[in-house]
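Since the structure comes first, as structure tokens, the remarks are kept for the end.
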Amino acid sequence: MRSNRQRREKKIENFPVSGFSRSMFNLQLNFFPQLRAGEWLQIGKSINNNPSSSLDLLKETLLEVKDYIDESENILILGDFNHELKLGSPLELFMLQSFGTRLFSPRELTTNARTVIDGVFGRIEDYNVEVFIYESYASHHKPLVIRVHEL
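Quick note on my numbering: the sequence shown kicks off at -4 and runs consecutively.
Shown next as structure tokens:
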């Protein structure tokens, strides 16, 4: 018999998100309830919003997985949002109002095109989350390094 964690991961992995073309938006969620402070994770799943996709489509798609996001006490939502994350941006306000998450990543340029479109939103208690932008010469996007440790 499968554990609850295995069933949950499979359910989340196969969660159908309707109303968009897979070529327009890629949304995969990973939950790590067993994560302990000081552990490193290699996460191969995140948000990648197509540059030609509208903010409304991004919002609509995220709302389709709201139940999964809301059921997690500690959650990080990260990726290439392809919408500016400057102070008071519509995306930042949406994430706060819809999911109670705040932007952890610095508002510094994350691409060679001088945009701030890669980010880390989260709702984390009992942990300190630090996000650093790492310089990369192999990609158009600068990697975000996330460190989570107990308060």
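Each residue gets a CB set at the ideal place from its N, CA and C atoms; glycine is no exception.
Check, Outcome
"Integer-rounded CB distance, given that Gly114 should sit under 8 Å from Leu156", "The shown model of the chain, from -4 to 146, leaves out residue 156, and the question about it has no answer."
"Three CB pairs or more closer than 8 Å across the region 62 to 81 and the region 108 to 123", "yes"
"Through-space distance from Leu73 to Leu58, alpha-carbon basis", "15 Å"
"Nearest candidate by alpha-carbon position, reference Ser47, set Glu55, Val111 and His78", "His78"
"Span separating the alpha-carbon of His136 from that of Lys61", "27 Å"
"Per-residue DSSP class, three states only, for Tyr129", "coil"
"Buried or exposed by the 16-neighbour rule on C-beta atoms within 10 Å, applied to Ser100", "buried"
"Residue from Ser131, Gln92 and Leu82 with nearest C-alpha to Val111", "Leu82"
"Leu104 and Arg97 closer than 8 Å at C-beta", "no"
"Cβ separation of Arg142 and Glu125, assumed to be a contact under 8 Å, to the nearest whole Å", "5 Å"
"Asn44 beta carbon less than 8 Å from that of Phe76", "yes"
"Segments assigned beta strand (DSSP E), at least 3 residues, entirely inside the region 92 to 137", "113 to 118 and 122 to 128"
"Rounded separation between Ser134 and Gly95 - CA only", "31 Å"
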